[in-house]
Every structure is written in structure tokens, then in C-alpha cells.
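482 is the number that the UniProt record's numbering gives to position 482 of the sequence shown; each next residue is one higher, with no gaps. Data first, discussion second: the structure below is written as C-alpha cells.
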Amino acid sequence: MTRGKLFEVAKELLNRELLDKDKCYMLDCHTEIFVWMGRCTSMTERKSSISATEDFLRNEGRSTSTHVTLLTEGLETARFKSNFVNWPKKEELKLYEEGRGKVAAMFKQHGYDVKELLEDDHEPLINCRGTIKVLQVNSGEAYLIPLPDQSKLFSGDCYIVQYTYPGKGRDENLFYAWFGRASQMEDRVDALSHMYAIADSTRGFPTLAQVYQDNEPEQFFSVFQTLIVFKGGKSSRYKKLIAETGMPDETFDETKTALFRVQGKNSNNMQAIQVDQVSSSLNSSYCYILQTGLSVFAWIGNLSSTEDHELLDRMIEIINPTWQPVSIREGSEPDIFWQALGGKTEYPKEKKVKQYIEGPHLFAVTLIEGRQRILKEIYNFTQGDLTTEDVLILDCQSELYVWIGRLSSVTSKEAHILGQKFLEMDILCEGLPQETPMYMVVEGQEPPFFTRHFSWDPSQAIMHGNSFERKLSLLKGGSQQSEVSVRNSWPAGSRGGTPEGSRRNSISSNGRAKSASPIPNVLGVISCTSENQLPYSPSPAEVKLFAGSSPQNGSSDDSLAFASSPALQPMVPPDNVRVDQVEGSDASDNLSIYPYERLKVRSVDPVTGIDITRREAYLSEEEFREIFGITKTAFYQLPKWRQNKLKMSLHLF
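Now the structure itself:
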């Protein structure tokens, strides 16, 4: 757009290089319009781009419901980037807070979906007054750290954090495996192994998490409340690496120069992170502590807040109560300050932009008999899509959740491997790093920071039976509750509901219904079938998830198969829900025949007056064989849970 007028730039094979930081652009996707604004454009240019877009829609006779999304350079959504060829994985962008706030406020007044948000307060989603235990991993063992030192971690080590907090009717456990930036791979493997072992010995099914230094979720900091991360390490493997490579040992002690960045939300969520003692580590958004051995400086950035200054004073008292710091404002530093940092150089002077994060995406990882695994995205998802026989992955971009159904035979360890494979694939081209925080959540034990992504009904979370039996119970108006089986018995109770302010995931952030994703509905299939496996007929939309895997040749090394685990198969639940109708081929002899398209659950022309629990029985023999790949007689000889799984995959219940 130039001076409020539109000029066509390109039609096909769009490249990122087409977008100039000094201009605004409109991308017409027919059902959706994107307005992209370069970071160097003025307020007038941005307002003109909005007016030009509105004129374009009127002149084209477009529907008034056409979705218009405004994007600022550097805050592009995955849907926008999917229209370009080879969009860069990472883009560094620096914006001043003042301009951001004014632009965002103006656009929101016009009712537009602005993909740029100001910082907001983060309230903990769980009770943060519980008890914490921290164990350090060293030489294959895990050692409990004394209470006074539990808030001090080293970047060369790995730790296991067990946090126990009061839930509804029982104590809940949350485990973290924390990997320091300079930690060794052997220690990371040991940390995960010990976390699984300790979790297995606790009551219930605790939530497990893997987090990397510099990528910790806010919930992790809220659990610690006060946290100090030092450089260096104490583990034998880290010390061995230092000795073998001849690298300097950066492990903190008060005789060395050390620079700490102070960050946090309040006195219940504050951290001091040791960074490289060079001036480029400074940022005007933060306050810093510089300890030189002889002097201690408290450096106050020009863009830091009053709350930041209070945290600075608190952290100095915690690190060493005997320090007598010299407070200096940015711009008034003495020469000795810069000398301690190796000289003055350029450093960031802007507030960091909070990146916009799209609504979460839910993927079903269906584990079919043998070693076949299908990955499928579920749009407009609800709590009801969490099927007890399956494993599902909730991609929140900044966090990843692997949800494990109670009737799935997948362990937390195997779920962790599934999550790692998902991050490697980066299906939605979000640039998900391998260091993305990952949670393993068991059905019936969902923590509030997971349930907030749904309109959560606790009563549904504690129903018993397989998916078909649960749906049948709901159709009959039943409200059966489960007696949740756990490793050790504890009183059954439901998890709390969705916190106020949580987002319903059937709508996008601007309140509109979610539109279809450009990613195919069924994203992939991996299989390693046996001769005795039931024939499976994938829908035309299904594609292979990884190159080199096929039903005939088995899964490749890149597949989701676990080399050290047996084939994952759904467990057969006890058949304890009575069904009034006869489940057999003979019962369909006198039924009317209807086409498959009218029998599907979401048919545009549904059949009425049928038994909705037996939709498949109304198919003709020929169409049944075409859809299911087997005859009706063979189908009704299958175990009931297997029948239900097939019907679910074909949208027949």
C-alpha cells in the first residue's frame, strides 16, 4: 500500500523478502484478509492501510463477516506465514513499548484482531504455598539438597523438583526435570529416569514436566517463588568436562566477578540469573547486580519499573545479606563499573516485545493395534475430544502437553518420547524449539494450567468406561462417575474447573469461530503391521507422517515407535456398562438401509429415528465392506472396544 492505495505485488510463490519494513501490505486469502504493517511505518500509514482494506472489501462486494487480521512485523501468526515460501524460522525484532501501546490501543478501538499484546500480570494457576523438594543429579544418583540451598541452581547441573500442593480433597504432585544450559546429556537422561522412578513411588498419577534453563514456564518460577541460577556446576560430569577441555570453571564464588540479571513479577515470583559479565548482557528493561569481589553495584535500567527496583533490593539481601551495594542509574556509571565488564559496548535499550501466541492446537495420536500411529489435528476441540483410549498432544506454542488416557497403555516415559518427536516435526511451522517446556498429564489428574485451555467440566473427567460407554451414558442422561484407579489408593475427587478468564478453544482470540487450518486434517500415519492385523482403510486425506514408513515396511528410525518398548495397544476395559440394544449382525437384518453420508455424526442431511448407538448397522453390506474394509459379520465378531475404535475413526458415533 502506498498513500492509501493498493498496488498488486505478487500472486504466487510469496517470499518474506517482498515485505518492506517501511510499508504496509494486504494479503487477500479470500475468506480472510491480513494487513501486515512494517515496523518502521508511521501511525498515519497504518491508519491509511486499514481504510484502504475496508474500501477494497466494499468495492469487491465481500461479505461483512470477512475476517480481517492486523499484524505487526515480527508478530506474524503461523496461518499468515503458511502463505509464504520458506519463511525464516527466527526473526529478531525490537520495538519501543510506548509506540506499541498506542498502536495496539487504537486498533483495538476499531474492533480489529491485533496480534500484539502488552505485558499482563500472571497469576499462578495452582496453590503456591505447598512444599518443595529439590534433588541434584550427580554420577547417576539423585541427592536431596538441604532446604537453605534449594533455591540455588547451577547451569552446569540437572535437578529434579518435586512440588506437593493441596488440591481438592487430596495433595497433588508436580514434578520438574530441570536441565541447566551447560548440563551434560548423561545427567539429563539420569534426571528423567529418576523423575519417573520417584513419580512411580508417589500416590496417584502426578504431572511430569521437562524444562530447560532460559525456557522455564511462569508456573515453574511461581513454585520456587525465589530462585537464583548460578553459572558453572557441581556435578562430577561437569567437572570432568572442564578438566578434559581446559575450559575455565565459571562456577560462582564471591572472589570472582559476577553479573546477575534480576527479573520477576513480585516478591512471590522473582529470580536472579547469572549472565556473562560483559556489558552486552545488560538491558535497559532490567536491573542488575554486579559483584566484583571488592565492590557490589546495583544497576538500574532506564526502562525498569518501581517493582523491579524493589525486587533488586530483595535479591541482594537473599544472595548475600552482608553486601553493601552502590546504586547507579543507567547513564551514570563510573569507570570501574565498565572496567569490571571488560569495557563499554552496545546493549539492548528497549523493552522486550511479548510475542503473540495463537490459540492452542490439539492433536490425537491414535495407537492402533500393532505399531501403527496416526497423528490428526482436532479443530474446534472440546473436553469431549480427550478420548480415554488415546494419547493427545496439546500444542500451546510456548508449552506442550502430552495427555495420556487411562485406557491407553502408554507410560509417561513413552509419552515424553512422543512429545519429543512432535517438537522435532514442527508440523505447524511454528519454529518450536526442542527446549519447549513439556508436560505429561494423566487423565483424571489434569492440573488447572492444562484445563484452562478447555471449557472444563470436572464431572466428565471422572466418568468411567471406554469412550463409547461414556457417550452412551451421556445420551441416556446418565452421570456415572468413575472410581479412578491409581497406583496407591486415595479419595477420588474432581479437579477444579476452568479459572475465570480462561479461553474457550472453539473460538479464536477475536471471538470468531475458528476457521479450518491450512494443514490437512489427518497429518500423518506411521505403521508397522503384522499379518494378523485387521485391514485398515485410511481416508484419502491421510498422508505418511515420516518418510520411510509404510504399513508394509514398518516404521523408520524417525517414527514414533519406541524401540525399547513393546507395541502399544489400547487396553480392553471391563465390559460393565449394559447396552439395551443387541450388538450383533443378526440385529440389523430388518433395519432400513441408509447411505454413509447421512449416517455420519456431523452429516449435513442426517437420518432421523434411528438408533444412534448403532449407526453402522444401517449401512448396506456393500458400503459397509467399502467403508470398514471387512464384512458386518467379521466386524461384530471383534471385541467391543475394537468396534468402538473403528466407528469413532469413521465418525459413526
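Glycine included, C-beta positions come from ideal geometry on N, C-alpha and C. Quick caveat, the model's predicted, so the values are computed rather than measured.
DSSP three-state call for ASP187: helix, strand or coil?
helix
DSSP on MET195, reduced to helix/strand/coil?
helix
By alpha-carbon positions, which one of ASP313, PHE422, LYS21 and TRP178 ends up nearest to ILE289?
For the set ASP313, PHE422, LYS21 and TRP178, the Cα lying nearest the Cα of ILE289 is the one of ASP313.
Here's the rule: buried if 16 or more other CB atoms are within 10 angstroms of the residue's CB, otherwise exposed. What is ASP395?
Buried, by the Cβ-count rule.
Touching or not, the segment 404-411 and the segment 376-395, by the rule of three or more beta carbon pairs under 8 Å?
yes
Please state whether DSSP places ASN59 in a helix, a strand or coil.
The three-state reading of DSSP puts ASN59 in helix, counting H, G and I together.
Quick one: is LEU227 buried, meaning 16 or more other Cβ sit within 10 Å of its Cβ, or exposed?
buried
Could you give the distance in angstroms between the alpha-carbon of SER183 and the alpha-carbon of GLU330?
34 Å
Considering only residues of the same chain and omitting the five flanking positions on each side of ILE145, which have a CB-CB separation below 7 Å?
VAL134, LEU135 and GLN136
Taking the CB atoms as reference points, tell me whether SER412 and MET438 lie closer together than 8 Å.
no
Considering only residues of the segment 221-292, which uninterrupted beta strand (DSSP E) runs meet the minimum length of 3 residues and lie entirely inside it, listed in chain order?
226-230, 258-266, 269-275 and 287-291
What does DSSP give as the partner residue(s) for ARG46 in the beta ladder?
Note: ARG46 sits in no beta bridge, so no partner.
Hey, would you say SER304 sits closer than 8 Å to SER285, going by beta carbons?
yes
Would you call the CB atoms of THR34 and SER151 closer than 8 Å?
For clarity, residue 34 is Phe in the given sequence; the question names Thr instead. Their beta carbons are not under 8 Å apart, which means PHE34 does not touch SER151 by this criterion.
Fully enclosed by the segment 118-177, which beta strand (DSSP E) runs are 3 residues long or longer?
Secondary structure within the segment 118-177: the beta strand (DSSP E) runs of 3 or more consecutive residues, fully enclosed, are 131-138, 141-144, 152-154 and 158-166 (chain order).
What are the residues that DSSP puts in a beta bridge with ALA364?
As DSSP reads the structure, ALA364 sits in a beta bridge with LYS376 and LEU392.
Is TRP403 helix, strand or coil by DSSP?
strand
Which stretch, first to last residue, makes up the alpha helix (DSSP H) that contains SER412?
412-425
Can you give, in chain order, each stretch of the alpha helix (DSSP H) that sits fully within the segment 425-452 and has at least 4 residues?
448-451
Taking the alpha helix (DSSP H) that GLN339 belongs to, which residues open and close that run?
Here the alpha helix (DSSP H) through GLN339 covers 335-340.
Do you know how far the Cα of HIS67 is from the Cα of GLU73?
Taking the straight line joining both Cα atoms gives about 19 Å.
In the DSSP output, what is VAL601 paired with across the bridge?
According to DSSP, VAL601 shares a beta bridge with no other residue.
So within the segment 301-337, which uninterrupted beta strand (DSSP E) runs reach at least 3 residues, ignoring any that extend past its ends?
326-329
Comparing C-alpha positions only, which one of ASP187, GLN263 and ASP200 sits nearest to residue 654?
There is no way to answer for residue 654, as the model of the chain reaches only from 1 to 653.
Pull the bridge partners of VAL211 from the DSSP assignment, please.
TRP178
Excluding five sequence neighbours on each side, which residues of the same chain lie with their C-beta closer than 7 Å to the C-beta of GLU186?
ARG237
Going by beta-carbon coordinates alone, are ILE242 and ASP253 separated by less than 8 Å?
no
Which same chain residues end up closer than 8 Å to ASP426 when comparing Cβ atoms and leaving out the 5 residues on each side of it in sequence?
Excluding residues within five positions, the ones whose Cβ falls inside 8 Å are LEU432.
For GLY293, count the other beta carbons within 10 Å of its own beta carbon; 16 or more makes it buried, fewer makes it exposed. Which is it?
exposed
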